[in-house]
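The block underneath contains the structure these notes are about, expressed in structure tokens.
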Amino acid sequence: PRTVLAEGVVWLPGFALSEAQGLHQAIAQVSAQAPFRHFRTRMGQMSAAMTSCGACGWVADPSGYRYSRTDPQTGQFWPAMPDALRHLAVRAATEAGYEGFDPASCLINRYGPGAKMGLHQDRDEGMPEAPVVSVSLGVPARFSFGGLHRTDPKRIIELLDGDVVVWGGVSRFAWHGVSPVRETFHQQTGAMRYNLTFRAINAAL
Ligand code: MD3
Ligand code: FE
3 PRTVLAEGVV WLPGFALSEA QGLHQAIAQV SAQAPFRHFR TRMGQMSAAM TSCGACGWVA
63 DPSGYRYSRT DPQTGQFWPA MPDALRHLAV RAATEAGYEG FDPASCLINR YGPGAKMGLH
123 QDRDEGMPEA PVVSVSLGVP ARFSFGGLHR TDPKRIIELL DGDVVVWGGV SRFAWHGVSP
183 VRETFHQQTG AMRYNLTFRA INAAL
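Here the sequence shown is numbered in this note's numbering, starting from 3 and rising by one per residue.
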């Protein structure tokens with residue numbers, strides 16, 4: 003199934019479900035080299051733990067956010083993006099009508115009970131024409147997204163294990179956030195939710 007949630011936004015419920023085991027293996031492999039960590043920003047410590055793979059990764063510190071070729075925690079390049087991850091993202095983008103998607107980065111967010119992500123826009127990628135592909139695994143989360151202005155009315159959707167959402171077109175710069183994750187149990191992930199976001203990047207690094 004395939005649902006257009008808003009202009010440029012395509013929801014593919016369960017698209018990643020049949021591949022979940024390989025995705026969990028890929029997450030384990032990446033996080034063995036680049037451990038999950040809670041970035042500290044000007045706003046305080048983030049409740050979601052993060053890591054990245056691919057040619058660049060998302061990093062934050064009290065001076066700001068950016069993409070970096072290296073992991074500030076290890077001083078090493080980020081782990082390569084596992085083929086299983088890249089192929090899933092490219093297939094999802096194609097299914098949603100975005101041909102030629104070439105993600106340079108996969109940011110992996112891990113949410114425990116109570117973890118959330120405040121309202122924000124993703125606009126450091128420098129490729130407004132490329133979509134962001136997001137894959138949810140494990141326990142569900144309430145995701146809200148609005149429009150191009152912070153205060154625009156929000157839609158709330160429940161993102162479930164294996165759901166993929168492709169965000170592009172006029173919705174690429176929509177405000178969005180994740181409500182605190184409820185404490186529940188998932189067979190593969192325990193109390194955790196994982197979200198993978200695949201991004202094409204054009205930034206001076
Ligand atoms: C809507 N992560 O990492 S990705 C993020 O569940 C982030 O962890 C969310 O927001 C999570 O930045 C969900 C969904 C997403 C990504 C980019 C977007 C939604 C978007 C860009 C425009 C509109
Ligand atoms: Fe985001």
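Where a beta carbon is used, it is the ideal one built from N, C-alpha and C, also for glycine.
Model, not experiment: these values are computed from the prediction.
Look at H151 here: in three-state DSSP terms it is coil, with no helix or strand label. Under a 10 Å Cβ-count criterion, A51 is classified as buried, with 16 or more other Cβ atoms of the shown protein chains found around its own Cβ. The straight-line gap separating the alpha-carbon atoms of A57 and M129 is approximately 15 Å.
About 5 Å separates the CB atoms of A143 and L161; that is less than 8 Å, so the two are in contact. Residue side-chain check: D124 places its Cβ nearer than 6 Å to a non-hydrogen atom of the ligand FE. In this structure, the CA atom of C55 is about 14 Å from the CA atom of R112. The beta carbon of A95 lies closer than 7 Å to those of F103, P133, V135, V168 in the same chain, with the five residues before and after it left out. Here S173 carries a helix assignment [DSSP, helix/strand/coil]. When F200, G170, Q190 are compared, the shortest CA-CA separation from E9 is found for G170. Assignment of T96 by DSSP, reduced to helix, strand and coil, places it in the helix class. About 4 Å separates the CB atoms of L198 and V137; that is less than 8 Å, so the two are in contact. With fewer than 16 other Cβ atoms from the protein chains shown falling within 10 Å of its own Cβ, D154 counts as exposed.
The DSSP-derived three-state label of V141 is coil. Here A86 is near G24, since their CB atoms are less than 7 Å apart. Distances from the CB of N111 to the heavy atoms of the ligand MD3 include at least one below 6 Å. For G56, there is no enclosing alpha helix (DSSP H); the enclosing beta strand (DSSP E) covers residues 51 to 56. Classified as buried, L90 has 16 or more neighbouring CB atoms from the shown chains inside 10 Å of its CB.
Ranked by Cα distance from S49, the options V166, R195, T72 are led by R195.
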